[in-house]
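Residue numbers (this note's numbering): 102 to 242.
Here's the structure we're looking at; comments come further down.
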Amino acid sequence: MIKAQEAPLKARCMFTSLIPCDSHFLLSSTFVFLLLLLLLLFHALQPFTKDGAHGYDNMESDMHPFMLAMGPDIPHFTDRKHFYQVDLYPYICAMLGLDKPNRIDGQIDRVLPYLKNKPSREYVDQFRLYASGTLPHQDLY
Numbered sequence: 102m103i104k105a106q107e108a109p110l111k112a113r114c115m116f117t118s119l120i121p122c123d124s125h126f127l128l129s130s131t132f133v134f135l136l137l138l139l140l141l142l143f144h145a146l147q148p149f150t151k152d153g154a155h156g157y158d159n160m161e162s163d164m165h166p167f168m169l170a171m172g173p174d175i176p177h178f179t180d181r182k183h184f185y186q187v188d189l190y191p192y193i194c195a196m197l198g199l200d201k202p203n204r205i206d207g208q209i210d211r212v213l214p215y216l217k218n219k220p221s222r223e224y225v226d227q228f229r230l231y232a233s234g235t236l237p238h239q240d241l242y
């Protein structure tokens with residue numbers, strides 16, 4: 102069911118073979134023949150799912166919020182930089198020296214330019230292994 106928020110229907114329907122890779126629907130275990138991508142001002146009403154699926158197109162500029170950060174461990178930039186929200190967790194982990202994150206989608210490599218004090222190569226390598234799920238946390242099993 103689609104609920105409009107005081108605007109006419111704005112959606113895009115496409116065959117599975119034409120779904121753009123950046124929408125991440127191709128990784129779904131559910132077979133989809135047609136996909137309805139909701140454009141801005143709309144949301145899908147559905148039962149709660151832990152996977153999350155708001156239906157918005159990731160390429161819409163309004164889906165890219167800005168982030169401002171300031172502090173002693175954050176370098177000063179004179180121009181705008183692109184920062185993925187999913188990388189906020191690896192960024193904070195790196196600032197705090199936490200090298201054993203849970204399995205995450207964020208990438209430590211994308212946040213390295215934003216760190217004033219760069220972590221060691223060993224730290225980054227270990228972080229990648231835990232973040233990708235290659236090294237599981239032994240104390241959890």
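Note that the Cβ used here is the ideal one computed from N, Cα and C, for glycine as well.
Since the structure is predicted, the reported quantities are computational estimates derived from the model, not experimental observations.
Cut-off 6 Å between Cβ atoms - residues of its own chain near Asp200, not counting five sequence neighbours on either side: Tyr224, Gln227, Phe228
Closest by CA to Phe184, which one among Asn218, Asp210, His238, Gly234? With respect to the C-alpha of Phe184, the residue from Asn218, Asp210, His238, Gly234 having the closest C-alpha is Asp210.
Please name the residue in Leu197, Ser233, Pro220 whose C-alpha comes closest to that of Gln208. When C-alpha distances from Gln208 are compared across Leu197, Ser233, Pro220, the shortest belongs to Ser233.
CA-to-CA distance, Gly198 to Thr235, given in whole angstroms: 20 Å
Quick one: residues in its chain with C-beta nearer than 8 Å to the C-beta of Pro202, no 5 flanking neighbours on either side, listed in chain order? Tyr190, Pro191, Cys194, Phe228, Tyr231, Ala232
Neighbourhood of His238 by C-beta distance below 8 Å, restricted to the same chain and skipping five residues each side: Lys201, Asn203, Tyr231
Classify Arg229 as helix, strand or coil using the three-state DSSP reduction. helix
Do Lys217 and Asp174 have their C-beta atoms within less than 8 Å of each other? yes
Keeping to the same chain, check which residues put their C-beta closer than 6 Å to that of Pro214; ignore five residues upstream and five downstream. none
Cut-off 8 Å between Cβ atoms - residues of its own chain near Pro166, not counting five sequence neighbours on either side: Gln186
Ignoring anything shorter than 3 residues, give me the beta strand (DSSP E) runs that lie fully in the region 166-193, in order along the chain. none
Could you give the distance in angstroms between the alpha-carbon of Ala170 and the alpha-carbon of Ile205? 22 Å
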